[in-house]
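J.: Below is the structure I would like to discuss, written out as structure tokens.
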Amino acid sequence: MEVGGDILERAGKWTACGKGWAAGVTLAPLPDSTTSAGSLAYGEDLEEKNSAFTWEVKANSRTYNNQLKEKVFPCWQRKKYKGNIIHTAKYNFFSFLPLNLYEQFHRMSNVYFLFIIILQGIPEISTLPWFTLFAPFTCLLLIRATRDLADDIGRHRSDRTINSRPCRMLVGSSFLWRKWKDLCVGDLVCLHKDNVVPADVLLLASTEPSSLCYVETADIDGETNLKFRQAPMGTHQALTSERMMASFQGTVVCEEPNSQMHHFLGCLQWEGKKYSLGSGNILLRGCKIRNTDTCYGLVIYAGTTALGPAA
Numbered sequence: 001m002e003v004g005g006d007i008l009e010r011a012g013k014w015t016a017c018g019k020g021w022a023a024g025v026t027l028a029p030l031p032d033s034t035t036s037a038g039s040l041a042y043g044e045d046l047e048e049k050n051s052a053f054t055w056e057v058k059a060n061s062r063t064y065n066n067q068l069k070e071k072v073f074p075c076w077q078r079k080k081y082k083g084n085i086i087h088t089a090k091y092n093f094f095s096f097l098p099l100n101l102y103e104q105f106h107r108m109s110n111v112y113f114l115f116i117i118i119l120q121g122i123p124e125i126s127t128l129p130w131f132t133l134f135a136p137f138t139c140l141l142l143i144r145a146t147r148d149l150a151d152d153i154g155r156h157r158s159d160r161t162i163n164s165r166p167c168r169m170l171v172g173s174s175f176l177w178r179k180w181k182d183l184c185v186g187d188l189v190c191l192h193k194d195n196v197v198p199a200d201v202l203l204l205a206s207t208e209p210s211s212l213c214y215v216e217t218a219d220i221d222g223e224t225n226l227k228f229r230q231a232p233m234g235t236h237q238a239l240t241s242e243r244m245m246a247s248f249q250g251t252v253v254c255e256e257p258n259s260q261m262h263h264f265l266g267c268l269q270w271e272g273k274k275y276s277l278g279s280g281n282i283l284l285r286g287c288k289i290r291n292t293d294t295c296y297g298l299v300i301y302a303g304t305t306a307l308g309p310a311a
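In UniProt numbering, the protein residues as written are 1 to 311.
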């Protein structure tokens, strides 16, 4: 009865300070506290999952994070963690003409007309000059290429606008204004009310009680109701100043980037302690901070590896 009463008391406190449970956030089930066997099995299962994680991010250490490589080919390796620059445009100055022609001649109708033009160039089998069909066909290709070029110019402008959005990131021992494209995995960011989250961020601390942060995910999943995310209690209580943020050396070990936006598993290792992480601790790229004055986070996924949308 004492155990049950303790659980009910904790549940009441959560309901009082959480301003209502938000959709899409679930807490991991607690192990059976009445038997040591249940706790042991739960701990072993957690250790097994942690050992399978291959995405390792060290806070405030670009040197360490940049030295990690991934093998692309047997003789070629590249940086494992990408920057926060987004590229949604299809073409550049040099690739537009060959790529656009390649895409246009993937349409069977264009291949058919090209074949007819070639046949018209043979006087023995054609009664009409070749340019009677070549001129309108060329006009059609130019019109489609112009449309594709206009669309791609719009994407380039959108990319520049998004990559140039301002955000506060930890530089040295203080938070300074930088652009989204300057962020890297392992950087610490400071977010304020109505800010858009620039990358997938692990929430570390918040000005709200119980380390909560309220977010709006309308640009991600279309839902307008507010959801809450929560920082690990250890970091929320310890990281109370910019000086403490600058000295934070925690390491996040988690799963590789994937397509499951609402699923996350990981572990924060800091000062000899381990904190289990789930989707309720993560701020996805593109969501907006609401009803929270200030919060701090650690960039886990950036750029094209982010789980949230690019825009």
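Every residue gets a Cβ at the ideal spot worked out from N, C-alpha and C, and that includes glycine.
For K13, count the other beta carbons within 10 Å of its own beta carbon; 16 or more makes it buried, fewer makes it exposed. Which is it?
T.: Numbered from its first residue, the sequence shown carries residue 13 at position 13. The predicted model places K13 with a pLDDT of 42, which falls under 50 and marks its position as unreliable; any figure quoted below should be read in that light. Exposed, since its Cβ has fewer than 16 Cβ neighbours within 10 Å.
J.: Going by DSSP in three states, D148 sits in which element: helix, strand or coil?
T.: Locating residue 148 in the sequence shown gives position 148, where the first residue counts as 1. Three-state DSSP puts D148 in a helix.
J.: Taking the straight line between their C-alpha atoms, what separation do you get for H156 and K90?
T.: As a working note, residue 156 is residue 156 in the sequence shown. As a working note, residue 90 is residue 90 in the sequence shown. Between H156 and K90, the C-alpha separation is close to 9 Å.
J.: Would you call T63 buried or exposed, if buried means 16 or more other Cβ atoms sit within 10 Å of its Cβ?
T.: As a position in the sequence shown, residue 63 is number 63, starting the count at 1. Counting Cβ neighbours within 10 Å, T63 comes out exposed, since fewer than 16 surround it.
J.: Which class does V111 belong to by DSSP, given the choice of helix, strand or coil?
T.: Residue 111 sits at position 111 when you count from the first residue of the sequence shown. If DSSP states are grouped into helix, strand and coil, V111 belongs with the helices.
J.: List the whole-angstrom C-beta distance separating T235 from L204, where the pair is believed to meet the contact cut-off of C-beta under 8 Å.
T.: To locate residue 235, count along the sequence shown from 1; it is residue 235. To locate residue 204, count along the sequence shown from 1; it is residue 204. Confirmed, Cβ separation roughly 5 Å.
J.: Can you name the start and end residues of the alpha helix (DSSP H) that D194 belongs to?
T.: The sequence position of residue 194 within the sequence shown is 194, counting from 1. Taken as a continuous stretch (DSSP letters only), D194 belongs to no alpha helix (DSSP H), as it is neither H nor E.
J.: Judging by CA-CA distance, which residue of Q269, F248, I86, Q237 is the nearest neighbour of S173?
T.: Taking the first residue of the sequence shown as 1, we reach residue 173 at position 173. Of the listed residues, the one whose Cα sits closest to S173 is F248.
J.: Assuming A96 is part of the alpha helix (DSSP H), what are its boundary residues?
T.: For this step, residue 96 is matched to residue 96 along the sequence shown. Contrary to the premise, residue 96 reads as Phe rather than Ala in this sequence. Looking at the DSSP string, the run of the alpha helix (DSSP H) that includes F96 is 96 to 104.
J.: Starting from Q67, trace the beta strand (DSSP E) both ways and give me its first and last residue.
T.: What you label residue 67 is simply residue 67 of the sequence shown in a count that begins at 1. Careful: Q67 lies outside any beta strand (DSSP E) and carries neither H nor E.
J.: Roughly how many angstroms separate the alpha carbons of L93 and I85, rounded to a whole number?
T.: Here residue 93 refers to the residue found at position 93 of the sequence shown. Here residue 85 refers to the residue found at position 85 of the sequence shown. The sequence as given places Phe at residue 93; Leu does not occur at that position. Approximately 19 Å, taken between the alpha carbons.
J.: Buried or exposed, going by whether 16 or more other CB atoms sit within 10 Å of the CB of D293?
T.: Counting from one through the sequence shown, the residue named residue 293 turns up at place 293. That one is exposed.
J.: In terms of residues, what are the limits of the alpha helix (DSSP H) holding R243?
T.: The residue you call residue 243 lines up with position 243 of the sequence shown. Taken as a continuous stretch (DSSP letters only), the alpha helix (DSSP H) holding R243 covers 242 to 246.
J.: Considering only C-alpha positions, which residue in the set L68, T88, T127 is nearest to K79?
T.: The sequence position of residue 79 within the sequence shown is 79, counting from 1. Of L68, T88, T127, the residue nearest in Cα terms is L68.
J.: Per DSSP, what kind of secondary structure is C167 in: helix, strand or coil?
T.: Stepping through the sequence shown from its first residue, residue 167 is reached at position 167. Looking at C167 - three-state DSSP - the assignment turns out to be strand.
J.: CA-CA distance, residue 346 and Y102?
T.: Nothing in the structure corresponds to residue 346, since the chain is present only between 1 and 311.
J.: By DSSP, does G222 sit in helix, in strand, or in coil?
T.: Residue numbering aside, residue 222 sits at position 222 when the sequence shown is read from its first letter. Correct three-state label for G222: coil.
J.: Please return the same chain residues whose Cβ sits closer than 6 Å to the Cβ of Y296, not counting the five positions on each side in sequence.
T.: Taking the sequence shown and counting its residues from 1, one reaches residue 296 at position 296. The answer, listed in chain order, is C190, L204, A205.
J.: Does W270 pass the burial test, meaning 16 or more other C-beta atoms within 10 Å, or should it be called exposed?
T.: Here residue 270 refers to the residue found at position 270 when the sequence shown is read from its first residue. By the 10 Å Cβ count, W270 comes out buried.
J.: How big is the Cα-Cα spacing for E223 and H192?
T.: Translated into the one-based positions of the sequence shown, residue 223 becomes position 223. Translated into the one-based positions of the sequence shown, residue 192 becomes position 192. For E223 and H192, the distance between alpha carbons rounds to 21 Å.
J.: Under a three-way DSSP split, which group does W130 fall into?
T.: Here residue 130 refers to the residue found at position 130 when the sequence shown is read from its first residue. In this structure, W130 counts as coil in the three-state DSSP scheme.
J.: Hey, quick one: how far does the alpha helix (DSSP H) through T235 stretch, first residue to last?
T.: Working through the sequence shown from its first residue, we reach residue 235 at position 235. 233 to 238 is the span of the alpha helix (DSSP H), which, as asked, contains T235.
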